[in-house]
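According to my numbering, the stretch in the sequence shown is residues -19 to 556, in order. Note that CB positions come from ideal geometry on N, CA and C, so glycine has one too. In what follows, a single structure is set out as C-alpha cells and then discussed.
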Amino acid sequence: MSPSGQCQDLCPRKHSWPKGRAVQKVRWRLHWKPRWRVFRMMDAFPGQNFQSQASIPGGLEAGAAVQLHKARCEVASEAPGGFVLGPGGPNAQLRSGTVYFREASPEELVKAKMSLPGSWLCCPLPHLEKVCNGAEKRLRLVVITSQDEFDETCYTDPGVDVSTSGNGRKLATHAMLRSLLEESFKGSIVVSCILILDFQALATGESLLRCRAPLPVEGPQIMQVHIQHFGVVEVCRGDFEQLLVAGSDLEAELAISTSVRRDMLTLLHTIKAQSFAAMSHDYNIPYGPWGVREGKSYHQNHLDLLERTLLLCTSRHLAEYLTRWSGGKVSTRLCYCADYGYFDRYLGDADSEGRFVTFISPCPAKGLCIFLRVARSLPALRFLAVTTLWTKSIHEKALQELPNVVICPGRNAVAEIYKKTAVLLVPSIWSEAFGLVAVEAQLRGIPVVSSDHYGLKEANMCEELRVPVQLVQDMRIRTLHRGHSIDELEQTLPHMREELKGTEEEIRLNVAKTHLYVATPQEAAGFTERVQRLMMDKTWRKEKGAEARQRAEGFVQSRQGCFKDFLDEMKVAMAI
-19 MSPSGQCQDL
-9 CPRKHSWPKG
1 RAVQKVRWRL
11 HWKPRWRVFR
21 MMDAFPGQNF
31 QSQASIPGGL
41 EAGAAVQLHK
51 ARCEVASEAP
61 GGFVLGPGGP
71 NAQLRSGTVY
81 FREASPEELV
91 KAKMSLPGSW
101 LCCPLPHLEK
111 VCNGAEKRLR
121 LVVITSQDEF
131 DETCYTDPGV
141 DVSTSGNGRK
151 LATHAMLRSL
161 LEESFKGSIV
171 VSCILILDFQ
181 ALATGESLLR
191 CRAPLPVEGP
201 QIMQVHIQHF
211 GVVEVCRGDF
221 EQLLVAGSDL
231 EAELAISTSV
241 RRDMLTLLHT
251 IKAQSFAAMS
261 HDYNIPYGPW
271 GVREGKSYHQ
281 NHLDLLERTL
291 LLCTSRHLAE
301 YLTRWSGGKV
311 STRLCYCADY
321 GYFDRYLGDA
331 DSEGRFVTFI
341 SPCPAKGLCI
351 FLRVARSLPA
361 LRFLAVTTLW
371 TKSIHEKALQ
381 ELPNVVICPG
391 RNAVAEIYKK
401 TAVLLVPSIW
411 SEAFGLVAVE
421 AQLRGIPVVS
431 SDHYGLKEAN
441 MCEELRVPVQ
451 LVQDMRIRTL
461 HRGHSIDELE
471 QTLPHMREEL
481 KGTEEEIRLN
491 VAKTHLYVAT
501 PQEAAGFTER
511 VQRLMMDKTW
521 RKEKGAEARQ
531 RAEGFVQSRQ
541 GCFKDFLDEM
551 KVAMAI
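This is the structure:
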C-alpha cells in the first residue's frame, strides 16, 4: 500500500471510458428511421414568419401538438415547409414551446440555416413514406433512455476523470434492454426503436464535460452503442427538441422509459402507444418527503405524466411508497432487476475467500459516517473503501487518515473487488431503493451487514445481519438528521423544507457536519458488533455466507421470467 493509503495492486485505476473495443458486428438495427430532421441552435429566415405563431404545451399534450404542427408542413404545396422552435417564455413548461412557421421549402430552409442560440430548425426529409416498424400479431415496443447509460454518449468531467452516470442504474438499464432484445430475437416482440435523450447537450456556451461522441447539430443521430453482455446496437440519439419532433412519428403498443424524469416522461407520451411504463429506481419523485423540488406548474405536469404511466418499481417498498404517497393515483408493478436477468450471470460464481471488510461508494448517503466509526473501532481489521462517482475528494481525505483502510477506485474491477471481500458493509442512511451490491455479494457467498430500512430489507436476505439506524442523510436539503429512523422522518418531515440559510460560517459547519461527521460508538454499535463477530469467527462467517448465498439464489431463481410475464400480459391485454 502506498503512503497515501491508495491500493496499488488490488485493482488498478481505469478510465471511465473503455480505451477501445474490437470492431463488432451490429447485432440489432432500428426498425424505424426519423422522417424529420432538427438542427440545434439554428434558424432560417429569422423573423419571416408564415401566418401566426403556435405553441407546444408541456406534458401529455406535447405529442399531439407537435403532430399537428408537422401535419401543416406536409399536406400541400402552399403549406409552410418547416418551422422553428423558439423560447417558450417565462411561464412555459417547455424551453422551446413557441412554434414559428417558415414558408420556404425544406431544401431552402436547410440551405439558409444560420446559427441562432435558443432555436431549433425543423424540416421534413424529402421522402415522407413511413417505414414499417413491426409485424402484425407481435407486441411493438419503443424504449427511451438517456445518454448517461452508455459509454459512447455519457459525459465525463476531466477534472476528476469520472463519468456523470451512476453505475447501478446504468447496469440495470443494460440488463433490461438485453432482455427485450433477446425476446425480439425469439420473435415474441418487436423493439422498433431505442431513443437516447441527450439532456447534457448545452444550448449555448462550452461545458467542461466531455463526451466521446458529441451530439451533432443535425439530429436525431443514428449511431451505434454497446449494450453490456449483448453487443452493438443501433440507436436514435438527440436532444429533447430533436426527439420531441422526430420521435412523435413512432407508433407502438408499449413505450418504456428507463427513468421517471419529467423530460423523459414527456417524450415517452409523445410516442403514439397504447400503454406507457417507466423504470423507477429511486425515491427522487414528486411524491413523499424525499422527492424532486420543482416549480408549481412543472410539479403538476410531472404528476399528470406519472399518473398515466405504469411504474416498474425496483423494490416492493418503493412500489408501496408510491402507492401510499400518491393516494393510489400512480399504478405500480414490482419489477426487481432480477426479473429481467440482471443477476443471472452471477449464479454459480465461486465463493469469495477475501480478507477485507468492503464498503462501496464512500459518501454521506451510503453511510460514510458509520464506516469511519466501525473502522476506528476495529483497528486490527482491514477495510477496503471502493470509491465511485459518489465519492468526493473530501471523503477520500477522511478515509486516508485511517491506517487500516485501503482506498481503491471501483470503476470496472467489480469481480476483483468481490474476490478480496470477506464481509460487505452497506450502512446506507438514505432512501435506498434496493441495493444491487448486496445481492451481488450474497450470490458469491459474502455475508452482508446492512441498514434495516427501505429496499435494503429486501436486498439483504439475512435478517440477523440487518441493523436499525437512527441516522438519515436528507438528500433534499443536504442535511444529516440524528436520533430518528428514516421511517419516522418520512412521516414527520415537511415536504417543502428548504436548505439551511445563514452566515457563511453556519453553512460551512452544516457542510462539515454532513460530509465529515463520524457516527458515535452507540450509533454504529450494531454494525461494529456484527462485523467484528463475522471477521473473528470464521465458522459463523461461512455459515452466514452460505445462508446468504442460498437465499439470494432462491430469490433470483424465483424471479426469472417475471419480466417476460409482464410482456405477455401486455400482449393479452392488447389482444395481440
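- Taking a 10 Å sphere around the C-beta of I236, we find 16 or more other C-beta atoms and assign the residue as buried.
- When C-beta atoms of the stretch 430 to 437 are compared with those of the stretch 446 to 466, three or more pairs fall below 8 Å, so the two segments count as touching.
- Between A360 and F339, the C-beta spacing is not below 8 Å.
- The straight-line gap separating the alpha-carbon atoms of C349 and M244 is approximately 35 Å.
- Rounded to whole angstroms, the Cβ separation of V197 and E132 is 18 Å, and the two are not in contact under 8 Å.
- Per DSSP, reduced to three states, the secondary structure at A532 is helical.
- Annotation: the stretch 197 to 276 contains the following complete segments of the alpha helix (DSSP H) (minimum length 4 residues), in chain order: 220 to 226, 242 to 248.
- Three or more Cβ pairs closer than 8 Å define a contact, and the stretch 16 to 36 meets that threshold against the stretch 59 to 69.
- When only Cα atoms are considered, P37 and K276 end up about 15 Å apart.
- From the listed residues A42, R75, K524, S357, the smallest Cα separation to G227 is found for A42.
- When DSSP reads this structure, Q453 sits in a beta bridge with L460.
- With respect to the 8 Å criterion, C216 and I207 are not classified as neighbours on the basis of their beta carbons.
- Nearest neighbour of M550 by Cα position, chosen from K13, G77, A45, R120, turns out to be R120.
- Of the candidates L247, Y316, H297, E484, the residue whose Cα lies closest to the Cα of H282 is L247.
- Counting C-beta atoms within 10 angstroms of its own C-beta, Q453 has 16 or more neighbours from the protein chains shown and is therefore classed as buried.
- Inclusion of F363 and V394 in the CB contact set at 8 Å is not warranted, their separation being larger than that value.
- In the three-state reduction of the DSSP assignment, Y301 falls in the helix class.
- The beta carbon of G463 sits closer than 7 Å to those of Q450, all from its chain and outside the five residues before and after it, given in chain order.
- Of all alpha-carbon atoms in R325, E478, P106, the one lying nearest the alpha-carbon of L151 is that of R325.
- Residue state for V337 is assigned as strand, using DSSP reduced to three classes.
- Between Q47 and Q127, the C-beta spacing is not below 8 Å.
- By the neighbour-count criterion, in which 16 or more other beta carbons inside 10 Å mark a residue as buried, T500 falls on the exposed side.
- About 7 Å separates the CB atoms of R118 and I556; that is less than 8 Å, so the two are in contact.
- DSSP lists no beta-bridge partner residue for Y316.
- Taking C-beta atoms under 8 Å as the contact rule, R52 and G211 fail to qualify, at a distance of about 41 Å.
- DSSP places F351 inside the alpha helix (DSSP H), whose first and last residues are 348 to 357.
- Between A232 and S172 the beta-carbon gap is near 6 Å, inside 8 Å, which marks them as a contact.
- Nearest in C-alpha terms to M441, of all of R529, E412, L223, is R529.
- Counting other Cβ atoms within 10 Å of its Cβ, T472 stays below 16 and is therefore classed as exposed.
- Rounded to the nearest whole angstrom, the C-alpha separation of L369 and L405 is 18 Å.
- Assignment of beta-bridge partners to C191 by DSSP yields Y135.
- The Cβ-Cβ distance between G321 and A439 does not fall below 8 Å.
- About 31 Å separates the Cβ atoms of C343 and R313, ruling out a contact at the 8 Å cut-off.
- Residue state for C542 is assigned as helix, using DSSP reduced to three classes.
- The way I'd put it, the stretch 481 to 492 doesn't touch the stretch 533 to 541; fewer than three beta-carbon pairs between them come closer than 8 Å.
- Pairing R510 with W520 gives a Cβ-Cβ distance that is not under 8 Å.
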